[in-house]
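Novice: Quick note: the sequence shown uses this note's numbering, first residue 1348, plus one each step.
Ideal placement from N, C-alpha and C gives every residue a C-beta, glycine not left out.
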Amino acid sequence: MKSFISYPENCDFPLENLPYGVFSTENNGSHRIGVAIGDQILDLSKIKHMFNGLELRNHQHVFAQSTLNDFMSLPRAAWKEARATLQSLLSVDNKTLQNIPEVFVAQSEATMHLPAKIGDYTDFYSSMYHAQNVGAMFRGGNAALLPNWRHIPVGYHGRASTVVVSGTPIRRPNGQTCPVEGEPPTFGPCKNMDFELEVAFFYGGPSNNLGDPIPIEKTEDHIFGLVLMNDWSARDIQKWEYVPLGPFLAKNLGTSISPWIVTIDALEPFKTSNPEQSPEPFPYLLHKESFNFDINLSVDLKPANSGVSTTICRTNYKYLYWTARQQLAHHASSGCVLNAGDLLASGTISGPTSDSFGSMLELAWKGTKPIKISGGDTRKFLQDGDEIILNGFCQGEGYKIGFGSCTGKLLPAHPSRV
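(1) Shortest alpha-carbon distance to Glu1641 belongs to which of Arg1423, Ser1377 and Leu1614?
(2) Considering only the alpha carbon of each residue, which of Leu1632, Asp1583, Leu1401 and Gly1705 lies closest to Phe1485?
(3) Can you look up Val1512 in the DSSP assignment and give me helix, strand or coil?
(4) Can you tell me which of the three DSSP states Phe1549 falls into?
(5) From the DSSP output, in three-state form, read off Gln1624 for me.
(6) Note down the Cα distance separating Trp1496 from Leu1592, rounded to an integer number of angstroms.
(7) Looking at the unbroken beta strand (DSSP E) that takes in Ala1692, where does it start and where does it end?
(8) How is the alpha helix (DSSP H) around Met1475 delimited, first residue to last?
(9) Mind checking which residues open and close the beta strand (DSSP E) that includes Arg1379?
(10) Quick one: what's Ile1561 bridged to in DSSP?
(11) Put Thr1338 into one of helix, strand or coil per three-state DSSP.
(12) By the three-class DSSP mapping on this structure, what secondary structure does Thr1443 have?
(13) Tell me where the alpha helix (DSSP H) around Met1419 begins and ends.
(14) Mark Gly1428 as exposed unless 16 or more other C-beta atoms lie within 10 angstroms of its C-beta, in which case mark it buried.
(15) Touch check for the segment 1407-1424 and the segment 1542-1560: three-plus C-beta pairs under 8 Å?
(16) I'd like the span of the beta strand (DSSP E) that includes Asp1612, first residue to last.
(17) Report the partner residues of Ala1453 according to the DSSP bridge assignment.
(18) Would Gln1454 be called buried (16 or more neighbouring beta carbons within 10 Å of its own) or exposed?
(19) Quick check on the DSSP output: the beta strand (DSSP E) that includes Glu1428 runs from which residue to which?
(20) Going by alpha carbons, who is nearest to Pro1536 out of Glu1744, Asp1731 and Phe1740?
(21) Please report how far the alpha carbon of Asp1386 lies from the alpha carbon of Tyr1367, in whole angstroms.
(22) Out of curiosity, what's the CA-to-CA distance linking Asn1374 and Gly1745?
(23) Over the uninterrupted beta strand (DSSP E) stretch that includes Lys1756, give me the two end residues.
(24) Under DSSP, the alpha helix (DSSP H) around Lys1586 begins and ends at which residues?
(25) Answer with buried or exposed for Lys1442, where buried requires no fewer than 16 other C-beta atoms within 10 angstroms of its C-beta.
(26) Since Glu1734 is in the alpha helix (DSSP H), which residue starts that stretch and which ends it?
(27) Short check: CB of Ile1384 to CB of Ile1352, under 8 Å?
(28) Give every residue of the same chain whose Cβ lies closer than 6 Å to the Cβ of Met1576, excluding the five residues on either side of it in the sequence, and list them in chain order.
(29) Using a threshold of 8 Å, state whether the C-beta atoms of His1460 and Val1382 are closer than that.
(30) What residue range does the beta strand (DSSP E) around Gln1523 cover?
(31) Give every residue of the same chain whose Cβ lies closer than 6 Å to the Cβ of Pro1462, excluding the five residues on either side of it in the sequence, and list them in chain order.
(32) CB-CB under 6 Å to Leu1436, same chain, minus the five flanking residues each way: which ones, in chain order?
(33) Given a cut-off of 8 Å on the beta-carbon distance, is the pair Thr1695 and Gly1705 in contact?
(34) Just to confirm, are Asn1480 and Glu1709 a CB contact at a threshold of 8 Å?
(35) Less than 8 Å between C-beta atoms, sequence neighbours within five positions excluded: which residues of the same chain meet that for Thr1509?
(36) Go to Leu1644, then tell me how far its beta strand (DSSP E) extends in each direction, as first and last residue.
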């Protein structure tokens, strides 16, 4: 495929991608929906009248909104029609947009915002490698996986209000910890601050009715697209608070997502075989069609003192045990309502080797094996001023489907009040 917008072969945003995001500019502070192409953004609010196919001719207003929620709420057929229209408009053979440069904005001149109003956010625990690593640390290798793990996609409800777009600084939290088991707890800044490399998807299509599940056969119709995600985690706070109800303050301090949503249709060529699952899941979780993706993922750490980043993790989305379709089917199996713009995350994505672990907890093995970074420094957990940079892409023949970056810098904690 060839666009009249020029870009190099290793560009994250070729014509085969066309991810959606929300942006503003210094000259126009209104939030608008855009599509990334090369180093440009196509402003959909200025071309909404060009979406005149069967599915979108009566819904052109969705492209003039300040978030993607209304567009996400349309059926999957509308998403496909929009993608086909955009690929046609941006192709080298179509002259429609080539003489109206005002519909484009340079990405370097844009400020990116959350792509959707997130009503609810759920985080899963879908990587077996991660679950086994964490279980081995705290329970020993023989009891690494709890009895339920191979039967259900384990998850918890997170805090939607603290999901932020890439580039937003994250502050180290204060909280209760128990440094010495059996001794009284203390209150103060988290000492074991961590990142978690994740990939999340946005729910789309019509909402289900209260009490009605979403059949596994219909789940693909409700997965709008994927983003990179960093689920910042305060490990020492988490250790003290998680019994008996699970993560709470250790996980709600901030969650960073990349600004561009890569659609499932863009990822279609990179589907790979589903993970082997034993025992076979219950029928409500069983799908034979592939819904796993070959997405290369990496994490860089850039300390404030040197400003030089070090790649500390390389892994792949395909290492997940539970697929996004299974996560969604299980989430809705109780009949809870899901709405367009809800965010469902994978949980930490770790691979089989020590350099593919998706958190500091694993990379430095609970602080016992410090990792080396630039300037001869080491890390057991994150220090103030550290910046975490997530990247992801699928490699095609002569092109790649990129997600852009998901970044966040750790700020010092506020003075604590004991």
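Specialist: Looking at the atomic coordinates:
(1) For the sequence presented, residue 1641 should be read as Asp rather than Glu. Selected option, being the one with the closest Cα: Leu1614.
(2) Asp1583
(3) strand
(4) strand
(5) coil
(6) 16 Å
(7) Leu1690 to Ala1692
(8) Met1475 to Arg1486
(9) Arg1379 to Ile1384
(10) Answer is none; Ile1561 lacks a bridge partner.
(11) The chain is shown from 1348 up to 1765; residue 1338 falls before or after that span and cannot be answered.
(12) coil
(13) Asn1416 to Met1419
(14) Correcting the residue type first, residue 1428 is Glu in the shown sequence and not Gly. When all chains shown are included, Glu1428 counts as buried.
(15) yes
(16) Not the beta strand (DSSP E): Asp1612 falls in the alpha helix (DSSP H), residues Ile1611 to Leu1614.
(17) Gln1387
(18) buried
(19) Per DSSP, Glu1428 belongs to no beta strand (DSSP E); it is in the alpha helix (DSSP H), Arg1423 to Leu1436.
(20) Asp1731
(21) 14 Å
(22) 36 Å
(23) Lys1747 to Leu1758
(24) Arg1582 to Glu1588
(25) exposed
(26) That residue, Glu1734, is in no alpha helix (DSSP H); its beta strand (DSSP E) goes Glu1734 to Gln1742.
(27) yes
(28) Glu1545, Ala1547, Ile1604 and Ala1692
(29) no
(30) Asn1521 to Thr1524
(31) Gly1368, Val1369, Leu1415 and Ile1608
(32) Thr1443 and Leu1444
(33) yes
(34) yes
(35) Asn1599, Leu1600, Gly1601 and Thr1602
(36) Asn1643 to Lys1649
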